[in-house]
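Undergrad: As given, the protein sequences belong to chains A and B, one line each in that order. Numbering-wise, this note's numbering puts 1331 at position 306 of the first sequence, and it's gapless, one number per residue. Numbering-wise, this note's numbering puts 346 at position 284 of the second sequence, and it's gapless, one number per residue. We put the CB at the ideal spot given by N, CA and C, even for glycine. Next up is a structure, given as structure tokens.
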Amino acid sequence: MVRYIIRRLLGALAVLFIVSLVTFGLFMVVPVMTGASPAYLYAGKNPSPELIANIEHGLGLDKPIPEQFYMYMKGIVAGRTDLTDGTADGSRPCPAPCFGYSFRYQSPVWDIIKDRFPVTLSITVGAAIIWLSLGIGVGVLSALRRGGFADRASMVFILLFLSLPSYLFAILLLYVFVYGLKWLPPTQYVPLTESPVKWFQALILAWITIGFGSAALYARLTRANMLETMSEDYIRTAVAKGLPRKTVVRKHAMRAALTPILTIAGLDIAFLLGGAIFVEKVFSLPGLGLLFVEAIGKQDLPVIMGLTIVSSLFIVVANIIVDVLYSAVDPRVRLS
Amino acid sequence: MTAPIDIDERFAIDAIDAPAAIAGRSLGEIAWRRLRQDKWAMAGAVTILIVILLVIFAPLICNWVGVDPYTNYADSHPELLDELGFPAGPFSNASWQHPFGVEPQTGRDLMARTLYGGRNSLIVGVLATVLGLSIGVILGIIAGLRGGWIDSLLSRTMDVLLAFPVLLFAIALLVIVGQTSWYSTSVVWQILVVTFIIGFFAWPYYGRLIRGQVLSLREKEFVDAARSIGAPNSRIIFKELLPNLLPTVLVLATLAIPTNILAEAGLSFLGVGVLPPTPTWGGMINDALGSLQLDPFYMFVPGMSIFIVVLAFNLFGDGLRDATDTRASDL
């Protein structure tokens, strides 16, 4: 078990290294090839050549690219002290994990990410509660009443939401409940610790958007898995030996049918923690997704790089957690 | 899914149609018969056909109405917009001259932009699917058939790609190329690059699925039989494996096209990918978001277009999957 986890962690590090390498390569090599140094993005309008040279020196852009990559990776692990803003006394301390300084906010990327993360975390937790309960509930129900009215209705629900992109649904909700019925104020995010009611009002539409959209997918998966499990021999055995139907469904069928669903949920939650880009954009929720959208607009390269690497960290960590949990829940799976 | 009454009916029809002698049907014929009986799948297919015809004949339709997607009609007809720059009538000021109305501020024709936008969306959706599936099928077959270190290498590559925050990465890539002049000035390049990025990040999904199927197919007796009479690998692949993979590939394709259309729309919605003034559905939705309160109909047109097209492909894809499912009981 311990050996397995260690091996998986090493594999995860390798994946993260590759992601960092590719991301870094993209952002450092391509701008140089296209003729515009990232220093221009940093400098503002009409910079003088000296200023560009100073900034390039301050950001380490004048060093060979492999050395830049080494400094970047080292910065993530150990922090860096060599960054300046281009002036003589403009030293920029950047403690670990250092993803550099944002061009736009002039502060360490990690601080901004830490600052924005609670919003994305709030969105993810609420949405996951909705999509897991609704998706699994609808899926189990329609599998147990196969061909009946509930099943048909849920198939319609599934198809509609699978065909509706999240941003369109979000816009629809925004139009109806904020602009039309005015049940909710225009979104203004407030931290949970400040005012739970306003926090809830700001997030409820985002939760519904992501929750319903993903619930459709989960209902479909749950239904298929339940149908397959219910036709297994051991289910027939359980029924034949006289167990009540409730016990058979809950103890025998659902446990087997839902395990794979929970592993997928783990990965989806990890993806979402990297930023719910579309929903955060529509509802102006200042999480990691909106940070990313803003960084695109401002071409804030360090922020884009930092977010890409942090997102893949979520994904690889979730992968490991899910696999370990899977072996705990499902005794047929052995880790090796 | 199928209620007992349906099965009875099908047997009844078979009994009437069947010739005196029992005729053998190929799997393809059986699938086609089932598909034709699936009302929803056929509705999806008809919708897809209509949309394809509409976007193919977009230039003709627009010529006939007398509009194009790029002219700012407000310049020559200021009465189209009110003093705030919003359409001067309901439904984005729809009229015979501008059937879906006009855009706020510019007065560009929304029907022309929707039709041409649909063109770009469908081109990207279909080409990205062809690309992703081609790579996925070829590498999936190689990995499954060869095994050994080639399989390990390809499988690990797929694992790494699947662990990528794909959306973020695609956006990042497009932000970079968006700064170059060859990209920002050429619609053809934009469409090709977006197609390539979507197709490239999608192939591991297909590759992994095809690899799994090849792994089980290659152990089948008919493949052993072919090998034992000395069939070369090329024959095994083209005559034994591919025909058996075809249903999977077809279903994957019909379900991948809407996914890729949504991916393209999502990128345009975020302002990367196919750049303005070239119309795309995602780009139109992004523009319409800014005037949602004062001109909601602007959102309705591209929004419904995406929804209907994706729904049609999903209906058809689901029907196709049910029809080709050889595990189903009535084979």
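I'd like the ranges of any alpha helix (DSSP H) spanning at least 4 consecutive residues and lying wholly in the stretch 243 to 267 of chain B.
TA: Taking only runs of at least 4 residues, the alpha helix (DSSP H) segments lying wholly in the stretch 243 to 267 of chain B are 243 to 246.
Undergrad: With a cut-off of 8 Å, do at least 3 Cβ pairs link the stretch 1232 to 1246 of chain A to the stretch 1136 to 1156 of chain A?
TA: Contact holds: three or more Cβ-Cβ distances are below 8 Å.
Undergrad: Have a look at Phe-380 (chain B) and Ala-1078 (chain A) and give me their C-alpha separation to the nearest angstrom.
TA: According to the sequence displayed, residue 380 (chain B) carries Asp and not Phe. Approximately 58 Å between the Cα atoms of the pair.
Undergrad: From Ala-74 (chain B) to Ile-299 (chain B), what distance separates their C-alpha atoms?
TA: Any reading at Ala-74 (chain B) needs caution, since the residue's pLDDT is 49, under 50, leaving its predicted position unreliable; the model's value is listed next. Approximately 40 Å, taken between the alpha carbons.
Undergrad: Counting contacts by CB-CB distance shorter than 9 Å, is Asn-1250 (chain A) in contact with chain B?
TA: Chain B contact via Cβ: absent.
Undergrad: How would you label Asp-392 (chain B), buried or exposed, when you count the other beta carbons within 10 angstroms and need 16 or more for buried?
TA: Confidence at Asp-392 (chain B) is low in this model, with a pLDDT of 40, below 50, so its placement is unreliable and the value that follows should be read with caution. Exposed, because fewer than 16 other Cβ atoms sit within 10 Å of the Cβ of Asp-392 (chain B).
Undergrad: Could you spell out the range, first to last residue, of the alpha helix (DSSP H) harbouring Lys-1306 (chain A)?
TA: Run containing Lys-1306 (chain A): 1302 to 1307, per the alpha helix (DSSP H) assignment.
Undergrad: For the stretch 204 to 224 of chain B and the stretch 128 to 146 of chain B, state whether three or more C-beta atom pairs, one from each stretch, are separated by less than 8 Å.
TA: Because the criterion of three Cβ pairs below 8 Å is not met, the stretch 204 to 224 of chain B and the stretch 128 to 146 of chain B do not touch.
Undergrad: Please say whether Gly-1125 (chain A) and Gly-1331 (chain A) have beta carbons closer to each other than 9 Å?
TA: Taking 9 Å as the Cβ cut-off, Gly-1331 (chain A) and Gly-1125 (chain A) qualify as a contacting pair.
Undergrad: Here's the rule I'm using: 16 or more other beta-carbon atoms within 10 Å means buried, otherwise exposed. How should Gln-1324 (chain A) be labelled?
TA: By the 10 Å Cβ count, Gln-1324 (chain A) comes out buried.
Undergrad: Would you say Asp-70 (chain B) reaches chain A, if we count a Cβ-Cβ gap shorter than 9 Å as a contact?
TA: Because the pLDDT of Asp-70 (chain B) is 47, which lies under 50, any placement of that residue in the model is unreliable, and the number read from its coordinates should be weighed accordingly. It does not; no Cβ of chain A falls within 9 Å.
Undergrad: State the Cα-Cα distance for the pair Gly-209 (chain B) and Val-276 (chain B), rounded to the nearest angstrom.
TA: Distance between the alpha carbons of Gly-209 (chain B) and Val-276 (chain B): 11 Å.
Undergrad: Have a look at Asp-76 (chain B) and Arg-383 (chain B) and give me their C-alpha separation to the nearest angstrom.
TA: Note that Asp-76 (chain B) scores a pLDDT of 49, beneath 50, so its modelled location is shaky; the value from the coordinates is reported in the next line. For Asp-76 (chain B) and Arg-383 (chain B), the distance between alpha carbons rounds to 22 Å.
Undergrad: Give the residues from the stretch 1136 to 1147 of chain A that approach chain B closer than 9 Å (Cβ to any Cβ), ordered along the chain.
TA: Correct list: empty, as no residue qualifies.
Undergrad: Can you grab the Cα-Cα spacing for the pair Asp-100 (chain B) / Asn-1250 (chain A), in whole Å?
TA: Cα-Cα distance, rounded: 23 Å.
Undergrad: Cutting at 7 Å between CB atoms, please list the residues of its own chain near Ile-253 (chain B), excluding the five before and the five after it.
TA: Closer than 7 Å at Cβ, skipping near neighbours: Asn-182, Ile-185, Val-186 and Val-336.
Undergrad: Looking at the unbroken alpha helix (DSSP H) that takes in Glu-91 (chain B), where does it start and where does it end?
TA: Run containing Glu-91 (chain B): 89 to 99, per the alpha helix (DSSP H) assignment.
Undergrad: Check for me: the alpha helix (DSSP H) holding Glu-395 (chain B) runs from which residue to which?
TA: Because residue 395 (chain B) is not part of the residues shown, which for chain B are 63 to 393, the question remains open.
Undergrad: Please look up how many angstroms separate the CB atoms of Pro-266 (chain B) and Met-220 (chain B), rounded, as I've assumed it's under 8 Å.
TA: Indeed, because the Cβ distance is near 4 Å, the residues count as touching under 8 Å.
Undergrad: Applying the criterion that 16 or more other CB atoms from any shown protein chain within 10 Å of the CB defines a buried residue, is Pro-1327 (chain A) buried or exposed?
TA: Buried.
Undergrad: In chain order, what residues of the same chain have a beta carbon less than 7 Å from the beta carbon of Phe-226 (chain B), not counting five sequence neighbours either side?
TA: There are no such residues.
Undergrad: Use the C-beta contact count for Ala-1265 (chain A): other C-beta atoms within 10 angstroms, 16 or more gives buried, fewer gives exposed.
TA: Under this definition Ala-1265 (chain A) is an exposed residue.
Undergrad: DSSP state of Arg-1105 (chain A), grouped into three classes?
TA: Three-state result, Arg-1105 (chain A): strand.
Undergrad: Under the three-state reduction of DSSP, which class applies to Tyr-1130 (chain A): helix, strand or coil?
TA: Here Tyr-1130 (chain A) sits in coil by DSSP.
Undergrad: Helix, strand or coil: which one does DSSP assign to Cys-124 (chain B)?
TA: Reduced to three states, the DSSP call for Cys-124 (chain B) is helix.
Undergrad: Any idea if Ala-376 (chain B) is buried or exposed, counting beta-carbon neighbours within 10 angstroms, 16 or more meaning buried?
TA: Residue 376 (chain B) is actually Asn in this sequence, not Ala. With 16 or more other Cβ atoms within 10 Å, it is buried.
Undergrad: Helix or strand or just coil, what does DSSP make of Pro-1074 (chain A)?
TA: Three-state result, Pro-1074 (chain A): helix.
Undergrad: Could you give the distance in angstroms between the alpha-carbon of Ala-1227 (chain A) and the alpha-carbon of Leu-1159 (chain A)?
TA: If you take the alpha carbons of Ala-1227 (chain A) and Leu-1159 (chain A), they lie about 21 Å apart.
Undergrad: Look up Leu-193 (chain B) in the DSSP assignment and say whether it is helix, strand or coil.
TA: If DSSP states are grouped into helix, strand and coil, Leu-193 (chain B) belongs with the helices.
Undergrad: Should His-1277 (chain A) be labelled buried (16 or more other beta-carbon atoms within 10 Å of its own) or exposed?
TA: Burial call: buried.
Undergrad: Within its chain, find whatever has a CB closer than 7 Å to the CB of Val-129 (chain B); leave out the 5 residues flanking it on each side and keep chain order.
TA: So the list reads His-160, Asp-171, Met-173 and Ala-174, once near-sequence residues are dropped.
Undergrad: Excluding the 5 residues flanking Val-239 (chain B) on each side, which residues of the same chain have their C-beta closer than 7 Å to its C-beta?
TA: Cβ within range, chain order: Tyr-245 and Val-255.
Undergrad: When DSSP labels each residue in this structure, what does Asp-171 (chain B) get in the three-state scheme?
TA: It is a strand residue.
Undergrad: Does DSSP put Val-164 (chain B) in a helix, in a strand, or in coil?
TA: Here Val-164 (chain B) sits in strand by DSSP.
Undergrad: Against chain B, does Tyr-1192 (chain A) count as a neighbour if the rule is that its beta carbon must be under 9 Å from one of theirs?
TA: Closer than 9 Å: yes.
Undergrad: On the CB-based measure, 16 or more other CB atoms within 10 Å of its CB, does Pro-341 (chain B) come out buried or exposed?
TA: Counting Cβ neighbours within 10 Å, Pro-341 (chain B) comes out buried, since at least 16 surround it.
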